[in-house]
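J.: FYI, the numbering for the sequence shown is 463 to 767, going by the numbering used here.
Every residue, glycine too, gets a C-beta built ideally from N, C-alpha and C.
This one's a predicted model, so the numbers in the text were calculated from it and none came from an experiment.
Here it is, the structure in full.
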Amino acid sequence: MNFLSIREMERPEIAKLLRSAASLKKDSLSGKKLPAFPDKTVGLLFFEDSTRTRVGFEMAARRLGIGFTSFGVKGSSMSKGESLKDTVLTLKNEGVDGLVIRHEAAGAPNVAARFFDGPVINAGDGMHEHPTQALADATTILEHRKKLDGLVVSIVGDVMHSRVARSNIWLLSKMGATVRLVAPRTLMPPYKELIPAEFHYSLKTGLDGADVVMTLRMQMERMENGLISSLGEYASMYQVNSGTLRYAKPDALVMHPGPVNRGLELDDLTVDGKQSVINEQVENGVYVRMAIFNAVFASKAKKKS
Ligand code: ASP
C-alpha cells in the first residue's frame, strides 16, 4: 500500500485515516500501548528542505518503534549524479522497508513506487500534493469543529504553486466542506472547471462568513517573475490580519502550513492570536504520520500472515 495523493483516495479511506490519527493521539497522550513495528526501517528521502514534515515523520517513526535513515541530495550519492531510480533500488536492496519522499518534481514518489517493493509515502512533491499536511489540517479542524461536512474553508494566497492547497482542496471537498480559493488571478490554478472549489479574487467575498481561514506561504522558489507587482502590494490586498479576519466568522480558525512569512501572509498578531491553530497543525502532523505508518505496515503484516 502506497500513500501518494489525496485525490486518488475515496472518502471512507480518508475518514478511516482521520479516525486512526485521532485514536493514536488519544492513546499517546494517555500513555496507552501503541502499535509497534520494531522490525521495520524507513528511508526518509528529503530532496527539498523541510523542518515540520521531516521531523514529523521522524517523531512518528520513533513513537512506533520504526527505525529510520534520513538523507537528502547533499550527503548521498545523488550529489554524484545518481538517479532517483538507482537511489531507490539501492535502498530496496539494502533492506529498507518503506520510503518517505519529498521531491521538487511532481510525481517523483510515483516514480519511486515503480521501483520499490514496500510502501512509498509522499511527503510533498513539487506543486502536486502534500497529503499528510492535508490530513494534519483536517485533524485540527475536526478537533475544533467536530465535522468537516458543511464547513466553509477559505484557502488564501499562492494557490497556484501550493501542493498544500491541492491536497486540501481534494480532502475537504470529498469530506463535504465548501472550499473557497482566495487569490489574485495570477496565483489561481488553471483549469478552474476541474477544481472542486469556488474562486474569489477579494478577501471580502472570499472570507465572508468562513469557518476556517487557511493561509498559504508565497512560494517564491516556484514563482516566475511578474505574477505579482510587489510583496507589499500583495500584503495590502490579501494579508489576513485583525482587520481582514473580521470578514470571516468571529470564531473562525486561522491556519497556515508553515513556514510563515510573518508580515506577509499573516500579521504577527494573527499568527500568535487566539484564533490561530498553527501550532496544533504541527502537533497533529506527528499523529497523522503515525496513522500512515500504522496503515501501511499493519496492512502488510496482515497480508504476510
Ligand atoms: N511546508 C509546506 C510544503 O512543503 C508549505 C510550504 O512550504 O509553503 O509545501
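Per DSSP, what kind of secondary structure is GLU591 in: helix, strand or coil?
T.: It is a strand residue.
J.: Could you say which of LEU707, ILE690, PRO652, LYS536 lies nearest to SER676 if we only look at CA atoms?
T.: Residue 676 is actually Met in this sequence, not Ser. Checking every option, the nearest Cα to that of MET676 belongs to LEU707.
J.: With distances taken from CA atoms, which of SER704, ALA710, ASN756 is nearest LEU731?
T.: Ranking the options by Cα distance to LEU731, first place goes to SER704.
J.: Report all residues from its chain with a CB closer than 7 Å to the CB of ASP670; omit the five preceding and five following residues, and keep chain order.
T.: The answer, listed in chain order, is TYR709.
J.: Check each candidate in ILE754, PHE759, ALA760 and name the one with the smallest Cα separation from ILE476.
T.: The shortest Cα separation from ILE476 among ILE754, PHE759, ALA760 belongs to ILE754.
J.: Here's the rule I'm using: 16 or more other beta-carbon atoms within 10 Å means buried, otherwise exposed. How should GLU510 be labelled?
T.: Looking at its Cβ environment, which holds 16 or more other Cβ atoms inside 10 Å, GLU510 is buried.
J.: Among VAL674, MET622, GLY518, which one has its Cα closest to the Cα of PRO712?
T.: For PRO712, the nearest C-alpha among the options comes from VAL674.
J.: Rounded to whole angstroms, what is the Cα-Cα separation between LEU597 and ARG628?
T.: One C-alpha to the other measures close to 12 Å.
J.: Can you find the residues in the same chain that come closer than 6 Å, C-beta to C-beta, to PRO581, ignoring five residues on each side of it along the sequence?
T.: Excluding sequence neighbours, PRO581 sits near MET463, ASN464, GLY560, VAL758.
J.: Give the DSSP bridge partners of MET717, in chain order.
T.: DSSP, once it has assigned bridges, lists MET676 as partnering MET717.
J.: Within 10 Å of its beta-carbon, does MET682 have 16 or more other beta-carbons around it, so buried, or fewer, so exposed?
T.: MET682 should be labelled exposed.
J.: By the DSSP assignment, the alpha helix (DSSP H) with THR732 in it spans what residues?
T.: Residues 730 to 733.
J.: Can you check DSSP and say which residues form a bridge with GLU660?
T.: ARG642, per the DSSP bridge assignment.
J.: Might you give, ordered along the chain, the residues of its own chain that have their beta carbon closer than 6 Å to the beta carbon of HIS662, omitting 5 neighbours on each side?
T.: Once the five neighbours on either side are set aside, the close Cβ partners of HIS662 are ARG642, VAL644, GLY668.
J.: From which residue to which residue does the alpha helix (DSSP H) around THR515 run?
T.: Start and end: 514 to 525.
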